[in-house]
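Residues are numbered in my numbering as their position in the sequence shown, beginning at 1, plus a constant of 32. Every residue, glycine too, gets a C-beta built ideally from N, C-alpha and C.
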Amino acid sequence: MHYLILLYQVFRVKHWIKNTFIFIPSFFAGHFFFEGEIPRLVAGFFSFSLVASSIYIINDIRDREMDRLHPKKKERPFAANKITPTQGILLMLITLSIGLASAYYLSVDFLILTGIYLLLNIGYSMGLKTVPIVDLLIVSLGFIIRIYMGGILSGVAVSHWLSIMIFLLSLFIVLAKRSDDIRIFEENGTMVRKTSSKYNASFIHACITMVSGIIIVSYILYCVSPEITQQWDSQYIFVTTIFVIAGIMRYLQITMVEKNTGSPIQILYKDKFIIITLICWLASFGIIIYL
Numbered sequence: 033m034h035y036l037i038l039l040y041q042v043f044r045v046k047h048w049i050k051n052t053f054i055f056i057p058s059f060f061a062g063h064f065f066f067e068g069e070i071p072r073l074v075a076g077f078f079s080f081s082l083v084a085s086s087i088y089i090i091n092d093i094r095d096r097e098m099d100r101l102h103p104k105k106k107e108r109p110f111a112a113n114k115i116t117p118t119q120g121i122l123l124m125l126i127t128l129s130i131g132l133a134s135a136y137y138l139s140v141d142f143l144i145l146t147g148i149y150l151l152l153n154i155g156y157s158m159g160l161k162t163v164p165i166v167d168l169l170i171v172s173l174g175f176i177i178r179i180y181m182g183g184i185l186s187g188v189a190v191s192h193w194l195s196i197m198i199f200l201l202s203l204f205i206v207l208a209k210r211s212d213d214i215r216i217f218e219e220n221g222t223m224v225r226k227t228s229s230k231y232n233a234s235f236i237h238a239c240i241t242m243v244s245g246i247i248i249v250s251y252i253l254y255c256v257s258p259e260i261t262q263q264w265d266s267q268y269i270f271v272t273t274i275f276v277i278a279g280i281m282r283y284l285q286i287t288m289v290e291k292n293t294g295s296p297i298q299i300l301y302k303d304k305f306i307i308i309t310l311i312c313w314l315a316s317f318g319i320i321i322y323l
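Set out below in C-alpha cells:
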C-alpha cells in the first residue's frame with residue numbers, strides 16, 4: 033500500500049482531472065453517448081495522462097530543491113527524498129513509452145498532438161517557465177491541445193468559441209495560482225517559483241480581473257450566437273451563464289479574499305460551491321443538448 037501511495041504521488045494522479053478536457057468536444061457536439069465514443073475517449077484520457085505524468089516527474093526532479101522551500105510542495109516525493117532521481121527517471125521512461133505507444137495505437141494525429149504537448153512542456157521544464165508571461169501562456173496552451181485531442185478522438189471539429197473560452201479559463205486559473213506564489217514571496221521572501229520576482233500582486237490581480245471579464249463576455253456572446261443556437265435549436269443556452277458567473281465570482285473570492293489558490297486541483301475537489309456550480313452547469317447544458 034505504501035508503494036501505491038508513493039506512485040500515486042509521483043504520477044500526480046489527482047492532477048489527471050485536468051485531462052478530462054479531452055471529453056469536452058464530444059460532450060458539446062452531442063456525440064458523448066454514440067456507440068464506442070466513451071471507451072475511445074477513456075483510452076485517450078489514460079494514454080495522455082501517462083505522458084503528462086512523465087513530464088511531472090521531469091519537472092519535480094528538476095525543481096526538488098526549490099520545492100523544499102514551499103509550504104506544500106515540500107511534501108512531494110522528490111523534494112521529501114522519498115524517491116531518488118534515478119528511480120524517477122526510470123519510472124518516467126517506462127510511463128512515457130506506454131503513453132506514446134498507446135497514443136500511436138489510437139491515432140497518428142493524436143500521437144502528433146501528444147508529441148507537441150510533450151516537447152512544449154519539456155521546454156517549459158527546462159527553462160521556459162522562468163520567462164514571465166510566457167510561462168502562463170504555455171500552461172494555457174496545454175489545455176487547448178487537450179481539447180483538440182478530444183476532437184480527434186471523437187471526430188468533431190473544435191469550434192473557435194470553444195478554443196477561446198478554454199484558453200481564457202485556463203489562463204484565469206493559472207493567474208490565480210500565481211497569485212498564491214506571489215503572496216508567499218511578498219510575505220516571507222521565499223521564491224517558490226523563479227518568475228515570482230517578475231510579478232507582483234497588483235499586476236496579477238489586474239490580469240485576473242481583465243481575463244475574468246473577458247471570459248464572461250465571451251461566454252455570453254457564445255450563448256447567443258446564431259451558430260450555437262441553431263446548432264442545438266435552442267434559445268435558452270444563455271441560462272447557463274448564471275453558473276459561469278457564479279463560479280468565476282467564487283474563484284475570485286478564493287483568490288482575493290481567502291488567499292487560498294495554491295492548488296486549483298484541491299479547490300476543484302474540496303470547494304462545495306465550485307463543485308455544485310460545475311454540476312449545475314454541466315446538467316443544464318446536458319439537458320439542452322441531449323434532452
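Please classify residue i: does DSSP put it in a helix, a strand, or coil?
i: residue 290; result: coil
i: residue 254; result: helix
i: residue 96; result: helix
i: residue 296; result: helix
i: residue 268; result: coil
i: residue 72; result: helix
i: residue 104; result: coil
i: residue 191; result: coil
i: residue 65; result: coil
i: residue 305; result: helix
i: residue 310; result: helix
i: residue 323; result: coil
i: residue 282; result: helix
i: residue 57; result: helix
i: residue 111; result: coil
i: residue 43; result: coil
Would you please state the rounded distance, in angstroms, between the beta carbons of residue i and residue j? I believe it to be under 8 Å.
i: residue 60; j: residue 194; result: 7 Å
Tell me which same chain residues have a C-beta within less than 6 Å of the C-beta of residue i, skipping the five on either side of it?
i: residue 108; result: 92, 99
i: residue 86; result: 124, 127, 128
i: residue 185; result: 72, 73, 76
i: residue 117; result: 93
i: residue 46; result: 297
i: residue 171; result: 206
Given a threshold of 16 other Cβ atoms within 10 Å of its Cβ, counted over all protein chains shown, does residue i qualify as buried or as exposed?
i: residue 229; result: exposed
i: residue 243; result: buried
i: residue 153; result: buried
i: residue 167; result: buried
For residue i, I'd like the list of residues in its chain whose CB is within less than 7 Å of its CB, leaving aside the five on either flank, ordered along the chain.
i: residue 201; result: 247
i: residue 231; result: 164, 210, 214
Taking only heavy atoms of the ligand SAM into account, decide whether any of them is closer than 8 Å to the Cβ of residue i.
i: residue 53; result: Among the components of this structure there are no ligands whatsoever, and the ligand SAM is therefore not found.
Leaving out five residues before and five after residue i in sequence, what residues of the same chain have Cβ atoms less than 8 Å from its Cβ?
i: residue 54; result: 73, 76, 77, 80, 178, 179, 181, 182, 185
task: Output the residue ranges of the beta strand (DSSP E) runs that lie fully inside the segment 113-188 and measure 3 residues or longer, sorted by chain position.
output: Considered as a whole, the segment 113-188 harbours no complete run of any beta strand (DSSP E) with no fewer than 3 residues.
- prompt: Which parts of the segment 201-235 are runs of the beta strand (DSSP E), unbroken and 3 residues or longer, counting only runs that do not cross its ends?
  reply: Fully enclosed beta strand (DSSP E) runs of no fewer than 3 residues are not present anywhere in the segment 201-235.
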